[in-house]
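Peer 1: For the sequence shown, position 582 (counting from the first letter as 1) is numbered 581 according to numbering that gives the first Met the number 0, and the numbering increases by one without interruption. All C-beta atoms, glycine included, are put in the ideal place defined by N, C-alpha and C. I have a structure here, written as structure tokens, and I will follow up with some questions on it.
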Amino acid sequence: MVLGERRVVRVIPDVLGINREFDYLVPEAWEADGRSQRLAIGSMVRVSLAGRRVAGWVSAVDVEPPVGVELAPLKTLSGIGPSSEMMELAAWAAWRWAGSRVRFLRAASPPRMLAGMPQASSLAAVPSGPADVFSQAFELAQQSGVAVVRTPPSSDDVPLALEACRRGDALLLLADPARASRLGIALRRAGVRVALGTRDWSVAASGATVVGTRPAAWMPMPRLSAVVVFDEHDESHGAELSPTWHARVVGLERARRGGVPAVLSSPVPSLEALRAGPLLRPERTAQRTGWPLVEVFDRRADDPTKAGLFAEGIARVLRGESRVVCVLNRKGRSRLMACASCGELVRTLDGALPMVLDDDELRSPDGTEVRPPVCAHCGHTRLKNLRAGVTRAKEELEALVGEAVDEITASSVEQPTTRVVIGTEAVLHRVEDAGAVVFLDLDSELLAPRQRAVEQTMALLARAARLLGPKDAGGRLVLQTRQPDHEVVRAVLRGDPSIVAVAERDRRRAAKIAPYGAQVLVSGAGAAEFIAALGHPFGVRILGPSNDRWLLQADTHEPILNALEATPRPESRLRIEVDPLRA
């Protein structure tokens, strides 16, 4: 629509605190020099707003102007921006993760201004490949929309990526930047036109296979033909900062909107993936031999009042010539306790959570269970705190192996140089390979007070297995535990993650935990005010406050997300986590 002879466009300001759109006039000079004709949905412009110039995106062109309102003109045409499809995707994502549309539009915009759209590239053919599980996955996904492939931990990414590229330009999302870089280089050597990460935005816009980590989910893809999310279980695919969006979900939504097949691959598929599509896996022998050798040290018989951090007999694993990585995922003192008589861990009656001693009472972390300080297994009243964190463990490890040991945590800057290394789970991301990976206290992972603790432990073990390689490489995954019959231990011993998936499915379905229910965590200085304004929406359960946090639950996402969208935000800081990974 025009105002007299002047065009009117609608603009979304690039201002986080403003969730509105404004109409602006297209200057007459733009009609004469051709800039008006270049204006389209997604174009990046600068406008005057509240006395200052701000950036923005055109959300509609030739709109009906408001009656009786004098419109300001556009100031600058900055360049091209997200396509109309990506603008719509950003609006959906703002609803899906209860966040600002501006954050998603920023993610979908070029890192540097581009005056015009790059010329479309020709599509290079990729030679046909073998009829394997990957080709079967795409054939299945062509019918069902999504397929899941369970791969061995140390499997190569290239065959699956090439299978995707045979269908045209593919969106390939990986959790690890180094792994994404290696895959991009390998595909280029195979003749595939690749846009590697957001720095190649213009290459992607002209038509290419996109390879990258989480931000690449928002790259332009005019000829999208397939989507693959590698290691879809990896938490790195999820954003830590609000809005806590997830690359797997965005990738699947892009595939659905584009009508193209999507494949999710993982050595330990998440329940979200298993609900999204049918599962394919290599034949049983290949699955089992794809995992390393596993050795379990049962510590139930060890006297917790006398036993040290290291099980009897583990010294033979630690001493030798190959690199050894020890994982102890805590820095301070452990709150894990064991019975001084029978050695059983002090847990809730259902065995799901560790109990802690508080004012001469045992309490569960969520406060749902309280009992006297007595072992539920044998009735003994003497309980023992188990070992402390990684710094003390490093000293004991050096004494045991008789050589220097490097310590690695998330805050460590330098790379490890010693043969034996100890650290939190961060150490698994700092070494390329190892002869042995030792989990010194697997129980602290299995009994962590988090809903996804079992799934997250399985992911850690898969990461360790990747460092060790397949069974014939001779690497050894060593587990110290007082729960040798736990489904996670049985799963890695057999190389069969479905053992964990079945147990977790039954537990989460009964508790209505994701993916069998929706959850949103609300926190921050403005949380109480926001919860009061939210009220009691139909179909939404509100739990809390606990540690100044509220947990919203519903059977599906829609009632929670619709209620969040309709509730005004307070001026104070507010954090909303949809599908929290660490709840």
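If you scan the region 467-537 from start to end, which runs of the beta strand (DSSP E) of 3 or more residues do you find wholly inside it?
Peer 2: With a minimum length of 3 residues, the continuous beta strand (DSSP E) runs that stay inside the region 467-537 are 475-480 and 517-522.
Peer 1: Cβ of V10 within 8 Å of Cβ of V62?
Peer 2: No, the pair does not count as a contact, with Cβ atoms beyond the cut-off.
Peer 1: Quick check on DSSP: helix, strand or coil for M112?
Peer 2: If DSSP states are grouped into helix, strand and coil, M112 belongs with coil.
Peer 1: Would you kindly check if the distance between the Cβ of L122 and the Cβ of L73 is under 8 Å?
Peer 2: For L73 and L122, no; Cβs fall outside 8 Å.
Peer 1: May I ask which residues mark the beginning and end of the beta strand (DSSP E) holding T75?
Peer 2: Taken as a continuous stretch (DSSP letters only), the beta strand (DSSP E) holding T75 covers T75 to G78.
Peer 1: Please list the segments of the beta strand (DSSP E) lying wholly inside the region 331-357, counting only runs of 3 or more residues, in order along the chain.
Peer 2: Fully enclosed beta strand (DSSP E) runs of 3 or longer: 336-338 and 355-357.
Peer 1: Is the beta carbon of V436 closer than 8 Å to that of L399?
Peer 2: In this structure, V436 does not lie closer than 8 Å to L399 by Cβ.
Peer 1: Would you mind stating whether R506 and I498 have Cβ atoms separated by less than 8 Å?
Peer 2: No, the Cβ-Cβ distance between R506 and I498 is not below 8 Å.
Peer 1: Rounded to the nearest angstrom, what separates P109 and A194 at their Cα positions?
Peer 2: Taking the straight line from one Cα to the other gives about 13 Å.
Peer 1: From this set, C325, G319, R287 and A130, which residue's C-alpha is nearest F309's C-alpha?
Peer 2: Among C325, G319, R287 and A130, the Cα nearest to that of F309 belongs to C325.
Peer 1: Just tell me which of K470, D349 and R329 has its CA closest to the CA of A409.
Peer 2: Checked all of K470, D349 and R329; the closest Cα to A409 is R329.
Peer 1: So what's V62 in DSSP terms, helix, strand or just coil?
Peer 2: Note: V62 maps to coil in three-state DSSP.
Peer 1: Which residues in the same chain as G115 place their Cβ atom closer than 7 Å to its Cβ, once the five residues preceding and following it in sequence are excluded?
Peer 2: Counting only Cβ-Cβ distances below 7 Å, and skipping sequence neighbours, we find I79.
Peer 1: Below 8 Å on the Cβ atoms is my guess for R572 versus A524; work out the distance and round it to an integer in Å.
Peer 2: Yes, R572 and A524 are in contact; Cβ-Cβ is about 5 Å, under 8 Å.
Peer 1: Whole beta strand (DSSP E) runs in the region 143-175 with 3 or more residues, listed along the chain?
Peer 2: With a minimum length of 3 residues, the continuous beta strand (DSSP E) runs that stay inside the region 143-175 are 145-149 and 168-172.
Peer 1: Looking at the unbroken beta strand (DSSP E) that takes in G211, where does it start and where does it end?
Peer 2: Counting along the chain, the beta strand (DSSP E) containing G211 begins and ends at T208 to G211.
Peer 1: Per DSSP, which one or two residues make a beta bridge with V295?
Peer 2: In the DSSP output, where bridge partners are listed per residue, V295 has L478.
Peer 1: Using only CA atoms, which one of L170, A464 and L551 lies nearest to L533?
Peer 2: Closest option to L533, Cα to Cα, is L551.
Peer 1: Excluding the 5 residues flanking R449 on each side, which residues of the same chain have their C-beta closer than 8 Å to its C-beta?
Peer 2: Excluding positions up to five away in sequence, the list reads Q455, R581 and A582.
Peer 1: DSSP three-state label for E454, please.
Peer 2: Reduced to three states, the DSSP call for E454 is helix.
Peer 1: Going by DSSP, what residues sit across from S264 in a beta bridge?
Peer 2: Answer is V148.
Peer 1: Does DSSP put G183 in a helix, a strand or coil?
Peer 2: It is helical.
Peer 1: Can you find the residues in the same chain that come closer than 8 Å, C-beta to C-beta, to S235, ignoring five residues on each side of it along the sequence?
Peer 2: Excluding residues within five positions, the ones whose Cβ falls inside 8 Å are A174, D175, T212 and R213.
Peer 1: With burial defined as no fewer than 16 other Cβ atoms inside 10 Å of the residue's Cβ, what is the status of T347: buried or exposed?
Peer 2: T347 is buried by the Cβ-count criterion.
Peer 1: Using a 10 Å radius around the Cβ and a threshold of 16 neighbouring Cβ atoms, would you call P126 buried or exposed?
Peer 2: Its Cβ having fewer than 16 others within 10 Å, P126 is exposed.
Peer 1: Measuring alpha carbon to alpha carbon, tell me which residue in E27, G33, E20 and A59 is nearest V53.
Peer 2: Residue E20 is the option with its Cα nearest to V53.
Peer 1: Excluding the 5 residues preceding and the 5 following R166 in the sequence, name in chain order all residues of the same chain whose CB lies nearer than 7 Å to its CB.
Peer 2: These residues qualify, in order along the chain: F137, S224 and A225.
Peer 1: Measuring straight from C-alpha to C-alpha, what distance separates V295 and S321?
Peer 2: Rounded to the nearest angstrom, the two C-alpha atoms are 19 Å apart.
Peer 1: Please classify R381: is it buried, with 16 or more other beta-carbons within 10 angstroms of its beta-carbon, or exposed?
Peer 2: That one is exposed.
Peer 1: What three-state label does DSSP hand W21 in the structure shown?
Peer 2: The sequence given here has Phe at residue 21, not Trp. Note: F21 maps to strand in three-state DSSP.
Peer 1: Could you work out which residue in R283, E311, A179 and V419 is closest to V228 when comparing CA atoms only?
Peer 2: When only C-alpha atoms are compared, the closest one is A179.
Peer 1: Among the candidates I17, Q286, G67 and Q36, whose CA atom is the shortest distance from the CA of A464?
Peer 2: Taking only the C-alpha atoms, the option nearest A464 is Q286.
Peer 1: Which residues does DSSP pair with E576 in a beta bridge?
Peer 2: L520, per the DSSP bridge assignment.
Peer 1: What would DSSP say about R34, mapped onto helix, strand or coil?
Peer 2: Looking at R34 - three-state DSSP - the assignment turns out to be helix.
Peer 1: Can you give me the start and stop residues for the alpha helix (DSSP H) that L88 sits inside?
Peer 2: First-last of the alpha helix (DSSP H) with L88: S83 to R95.
Peer 1: Near G237, which residues of its chain fall below 7 Å by C-beta distance, leaving aside the five closest residues on each side in sequence?
Peer 2: Correct list, in chain order: T243, H245 and L580.
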